[in-house]
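A.B. asks:
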Amino acid sequence: MTQDQITIASDWGTVTATLADNPAAAALWKMLPVTLPMRDHLRQEKTGTLPTSLPDYPRQRDFATGTLGLWSGRDFVIYYTDGAVPGPGIIPLGQVTGDVSIFDRPGDVTVELTQAE
Numbered sequence: 001m002t003q004d005q006i007t008i009a010s011d012w013g014t015v016t017a018t019l020a021d022n023p024a025a026a027a028l029w030k031m032l033p034v035t036l037p038m039r040d041h042l043r044q045e046k047t048g049t050l051p052t053s054l055p056d057y058p059r060q061r062d063f064a065t066g067t068l069g070l071w072s073g074r075d076f077v078i079y080y081t082d083g084a085v086p087g088p089g090i091i092p093l094g095q096v097t098g099d100v101s102i103f104d105r106p107g108d109v110t111v112e113l114t115q116a117e
């Protein structure tokens with residue numbers, strides 16, 4: 001794992017995440033800072049669209065609470081529960097190290113992703 005840390009800030013609170021060591025996460029790091037409107041999806045995740053696509057990388061179907069993922073080239077996801085997704089799965093981007101339950105509420109939220117200091 002790379003030790004690149006990001007901050008995910010919203011009106012609901014702020015958490016930190018450690019990025020995965022893969023080309024998609026590295027591309028996300030280089031794109032920061034970015035502000036994303038996110039919506040609740042299936043009462044398990046918040047999803048938002050990145051400004052540009054990230055590189056493809058092997059996918060996984062299972063996720064844990066706090067997983068950051070990429071559903072398609074631009075669909076950024078923050079999971080606030082454990083679960084699994086249908087194929088083709090998600091590209092793992094990282095793991096929240098703070099209390100991701102701040103996103104466990106219905107409704108839209110805008111988040112700002114920045115490189116942690």
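In this text, residue positions in the sequence shown follow full-length UniProt numbering: the first is 1, and each later residue adds one. Glycine included, C-beta positions come from ideal geometry on N, C-alpha and C. Owing to the predicted nature of the structure, the values given are computational and were not obtained by experimental measurement.
Whole angstroms are fine: how far does the CA of Gly-89 sit from the CA of His-41?
C.D. replies: For the purposes of this step, residue 41 is identified with residue 41 of the sequence shown, where counting begins at 1. For the purposes of this step, residue 89 is identified with residue 89 of the sequence shown, where counting begins at 1. About 15 Å.
A.B. asks: Taking the Cβ atom as the reference point for each residue, do Thr-110 and Asp-75 lie within a distance shorter than 7 Å?
C.D. replies: Position 110 of the sequence shown, counting from 1, holds the residue named residue 110. Position 75 of the sequence shown, counting from 1, holds the residue named residue 75. Going by C-beta atoms, Thr-110 is not nearer than 7 Å to Asp-75.
A.B. asks: Mind checking which residues open and close the alpha helix (DSSP H) that includes Pro-23?
C.D. replies: Reading the sequence shown from its first residue, position 23 is the one you call residue 23. Per DSSP, Pro-23 belongs to the alpha helix (DSSP H) from 23 to 31.
A.B. asks: Taking Ile-8 as part of the beta strand (DSSP E), name the residues at either end of that continuous run.
C.D. replies: Sequence index remark: in the sequence shown, residue 8 carries index 8 (1-based). Note, Ile-8: beta strand (DSSP E), 5 to 10.
A.B. asks: If you compare alpha carbons, which of Pro-37, Gln-95 and Leu-50 is closest to Ala-27?
C.D. replies: The sequence position of residue 27 within the sequence shown is 27, counting from 1. Taking only the C-alpha atoms, the option nearest Ala-27 is Leu-50.
A.B. asks: Does the separation of the CB atoms of Thr-114 and Leu-32 fall below 7 Å?
C.D. replies: Numbered from 1 along the sequence shown, position 114 holds the residue referred to as residue 114. Numbered from 1 along the sequence shown, position 32 holds the residue referred to as residue 32. Result yes, Cβ atoms of Thr-114 and Leu-32 sit closer than 7 Å.
A.B. asks: On a Cα-Cα basis, can you pick out the residue from Ile-91, Trp-12, Pro-58 and Tyr-79 that is closest to Gly-66?
C.D. replies: Your numbering for residue 66 matches position 66 in the sequence shown. For Gly-66, the nearest C-alpha among the options comes from Tyr-79.
A.B. asks: Measuring only the C-alpha atoms, how far is Ala-84 from Asp-56?
C.D. replies: Reading the sequence shown from its first residue, position 84 is the one you call residue 84. Reading the sequence shown from its first residue, position 56 is the one you call residue 56. Between Ala-84 and Asp-56, the C-alpha separation is close to 19 Å.
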